[in-house]
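Enquirer: Structure in structure tokens, see below.
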Amino acid sequence: QYCLGPHIGGRLHEFTPQHIANTLHALARLSHRDDRFLFAAGDEVCRRLPEFNDQNISNVVHAMGVLEFQHAAFAKALQTHLSKRLREFSPQGIANITHGLASTWPRTGEKAQRSENVDLCRAPESLHRLEG
């Protein structure tokens with residue numbers, strides 16, 4: 139299995155937010171989980187989250203969910219970030235982020251219990267699933 143972490147993990151500062159989001163999205167589509175790279179990408183996104191637009195954020199959240207990857211610092215930073223910026227996002231951006239958050243739910247085919255529902259009125263509770 140090919141690992142990106144050792145080769146480009148240290149170069150993520152050279153990537154635009156879209157490059158990072160697209161790379162993570164592609165890894166999710168390939169079902170390729172490279173924890174070393176995902177930790178490096180999560181750390182980089184945390185540092186540069188204000189640079190990410192709604193589409194970039196939704197791609198990152200969706201990829202982390204699909205790959206069932208947990209990154210506590212990313213989840214916490216995203217929770218704070220979304221609570222401050224959600225109003226400026228387009229309806230499509232909000233829909234994409236919500237779709238990304240939905241990908242963090244277990245794939246058991248069972249509906250979430252009422253106590254586990256996402257409260258989109260506050261910072262997204264489903265981000266706790268990304269924290270581990």
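Under the working numbering, the residues of the sequence shown are numbered 139 to 270, in order. Glycine included, C-beta positions come from ideal geometry on N, C-alpha and C. Please read all numbers here as calculations on a predicted model, not as lab measurements.
How many whole angstroms separate the CB atoms of Leu176 and Leu205, which I take to be in contact at a CB cut-off of 8 Å?
Expert: Going by Cβ atoms, the distance from Leu176 to Leu205 rounds to 7 Å, so yes, they are a contact pair.
Enquirer: Starting from Leu142, trace the alpha helix (DSSP H) in both directions and tell me its first and last residue.
Expert: That residue, Leu142, is in no alpha helix (DSSP H); it is neither H nor E in DSSP.
Enquirer: Kindly indicate which three-state DSSP category Thr246 falls into: helix, strand or coil?
Expert: Residue placement at Thr246 is poorly supported in this model, since its pLDDT is 47, which falls under 50; the coordinates still yield a value, given next. If DSSP states are grouped into helix, strand and coil, Thr246 belongs with coil.
Enquirer: For the alpha helix (DSSP H) that contains His157, what are its first and last residues?
Expert: Where His157 is concerned, the enclosing alpha helix (DSSP H) stretches over Pro155 to Arg167.
Enquirer: Taking all protein chains shown into account, do 16 or more other C-beta atoms lie within 10 angstroms of the C-beta of Leu168, making it buried, or fewer, making it exposed?
Expert: So Leu168 ends up on the exposed side.
Enquirer: DSSP state of Asp181, grouped into three classes?
Expert: In this structure, Asp181 counts as helix in the three-state DSSP scheme.
Enquirer: I need the DSSP call for Gln208, collapsed to helix, strand or coil.
Expert: Looking at Gln208 - three-state DSSP - the assignment turns out to be coil, as it is neither helix nor strand.
Enquirer: Which of the three DSSP states, helix, strand or coil, is assigned to Arg171?
Expert: Three-state result, Arg171: coil.
Enquirer: Looking at C-alpha atoms only, which residue of Glu152, Ala201 and Ser196 is the closest neighbour of Leu162?
Expert: The candidate whose alpha carbon is nearest that of Leu162 is Ala201.
Enquirer: Alpha carbon to alpha carbon, what distance is there between Ala240 and Glu248?
Expert: Any answer about Glu248 is weak, because its pLDDT of 48 lies below 50 and its placement is not dependable; what the coordinates show is given next. Each residue's Cα considered, the two are about 13 Å apart.
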